[in-house]
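To start, the structure itself, in structure tokens.
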Amino acid sequence: MDEALMGILAATVATISWSLAPVAIKLGIKSDIDLIVLAGVRGLVAFILLAPISIPNILTYNLNHYDIILILISSILIGVSDLFYIEAIKRLGSWRAILIAYQYILIAQILAYLLLNEVRGIYAIFFTPIALLGIYIALSSSESLTNKDKINFLIAYTPAIFWGVATVISKYLTSTVDAVLIATLRAFFIALIFTSLSIRRIRCFSSLSRFGLLSLLASGFFTHVGGFLTFLYALKFVGTFISTLINSIGPLITQFIASKLSREGLSLRHVVGALVTTSSIALALILSMFNIV
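Going by numbering that gives the first Met the number 0, the first residue of the sequence shown is number 0, and it counts up by one from there.
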């Protein structure tokens, strides 16, 4: 299969998986679950799933200290982002949280150009404002924001910044380090750091129902395995610009799933905004196929 097609497919799979994660979190959080515990457990689930297939690489691959430090930094950024993202989902609902946080796309594209001098697929950045316009349409309201609303939106924007930085780090690592190894080590660091910080509060999971626990564990898979691992391959095959732009279709998927499973209401504005975002992706991919841009 052509690398470009593989990259587009990987980015699509990652987008779908990441879109399922916030819905699973929303379904699973039925009580005051400690967010640090939650981040650690989600990372632990991913590590347990990834470790068996990455053991051969761990035993034979010689990682330099610089790569390990970068993976560690990425792990901390993603782990902290989890805390803010989950809190944003609890406060704003899954579709609002994902729409705001997905503005990481523009941040990642700008940083990829400035720090990595990446130009592969750079034309996609022209369509990013259209995708972000869709986000604005979906979030715009005639009502003024209260101080509480502003704080909630700030909480939701924090993952956008951290995800943008972590994406550029991941892109850099894919040029020299195996994707499965990156995903495994990042899940390990997240599990180690955040579980260690909250080991005494692990009992909070006893208040969850079996369905709630399964939902939260599934969110760990969707985030770190189905999402991040496949996204690494997308970054490797088609670069930051195309991978992140495809990822902006996530709000539409999350809105649809949330409305069906979580009974979160959708207005026409939300649907139109998500469709604008989706259209920008489709146009970028069509033009790229014919080398028009």
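A virtual CB, placed ideally from N, CA and C, is assigned to each residue, including glycine. Given the structure is predicted, the values throughout are model-derived calculations rather than measurements.
Report task. Kindly indicate the opening and closing residues of the alpha helix (DSSP H) around V79. Result -> 64-91
Requested in this report: Identify which residue in L71, I88, T11, Q102 has its Cα closest to the Cα of S169.
Outcome: Measuring from the Cα of S169, the nearest candidate turns out to be L71.
Report task. List in chain order: all unbroken alpha helix (DSSP H) runs of 4+ residues lying wholly within the segment 192-236. Result -> 209-220
Query raised in the report: Between G163 and the rest of its own chain, which residues show a CB-CB distance below 7 angstroms, the 5 nearest in sequence each way excluded?
Result: Y103, I106, A107, L110
Query raised in the report: By how many angstroms is the C-alpha of S278 removed from the C-alpha of A130?
Result: 8 angstroms
Requested in this report: Mind reading off the beta-carbon distance from T222 to W17? Whole number of angstroms is fine, and I expect it under 8 angstroms.
Outcome: The Cβ separation is near 7 angstroms, so the contact holds.
**Report entry** Proximity winner among H269, I285, L284, relative to Y135 (alpha-carbon distances)
**Finding:** H269
Query raised in the report: Within this structure, are the beta carbons of F188 and S74 separated by less than 8 angstroms?
Result: yes
Query raised in the report: Ends of the alpha helix (DSSP H) at Q108?
Result: Counting along the chain, the alpha helix (DSSP H) containing Q108 begins and ends at 103-115.
Query raised in the report: By a C-beta neighbour count over all protein chains shown, 10 Å radius and 16 as the cutoff for buried, is E2 buried or exposed?
Result: exposed
Query - Which of helix, strand or coil DSSP assigns to S169 - result: The DSSP-derived three-state label of S169 is helix.
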